[in-house]
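To start, the structure under review is shown below, and the notes come after it.
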Amino acid sequence: MKISNVVIGVVAGAAVSALVCSKVYKSRLKAADADENLAQANATIDSLRSSVDCFSKQLSERIESEQTYAARCEELNAKVSSQDAEIAKLKDLCAIQEAQNRKLQG
Numbered sequence: 003m004k005i006s007n008v009v010i011g012v013v014a015g016a017a018v019s020a021l022v023c024s025k026v027y028k029s030r031l032k033a034a035d036a037d038e039n040l041a042q043a044n045a046t047i048d049s050l051r052s053s054v055d056c057f058s059k060q061l062s063e064r065i066e067s068e069q070t071y072a073a074r075c076e077e078l079n080a081k082v083s084s085q086d087a088e089i090a091k092l093k094d095l096c097a098i099q100e101a102q103n104r105k106l107q108g
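Quick note: to get the numbering used here, add 2 to the position in the sequence shown (first position is 1).
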């Protein structure tokens with residue numbers, strides 16, 4: 003009986019040892035997978051940050067371009083208004099001149 007108890011103990015110990023080794027191995031595999039997943043997540047985050055930075059730069063350039071365009075349009079509108087006023091003055095002068103010419107002729 004003592005030998006059978008020893009054999010049973012050895013077999014049980016071996017089984018428990020195998021289970022513990024299996025769990026430790028699986029735990030290490032999970033840790034390695036977690037590390038790999040973390041590395042992939044970090045790479046994805048870096049890629050997204052780079053994309054956001056690129057889009058932000060493009061948006062800033064677009065906004066600056068549109069602001070420059072809007073300022074230029076305002077300048078041109080001011081010039082057109084000024085020229086319209088000048089044209090109106092010249093038309094008035096022409097009308098006055100025509101009236102004076104008619105008086106002299108008639």
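Glycine residues also receive a C-beta, built at the ideal position from the N, C-alpha and C atoms.
Proximal residues to residue i (C-beta, below 8 Å), its chain only, five neighbours per side dropped
{"i": "S49", "result": "none"}
Cβ shell of residue i (< 7 Å), same chain only, five flanking positions each side left out
{"i": "A72", "result": "none"}
Residue-level contact to chain D via CB, residue i, 9 Å cutoff
{"i": "S84", "result": "Protein chain content of the structure displayed is limited to a single chain, and chain D is not contained in it."}
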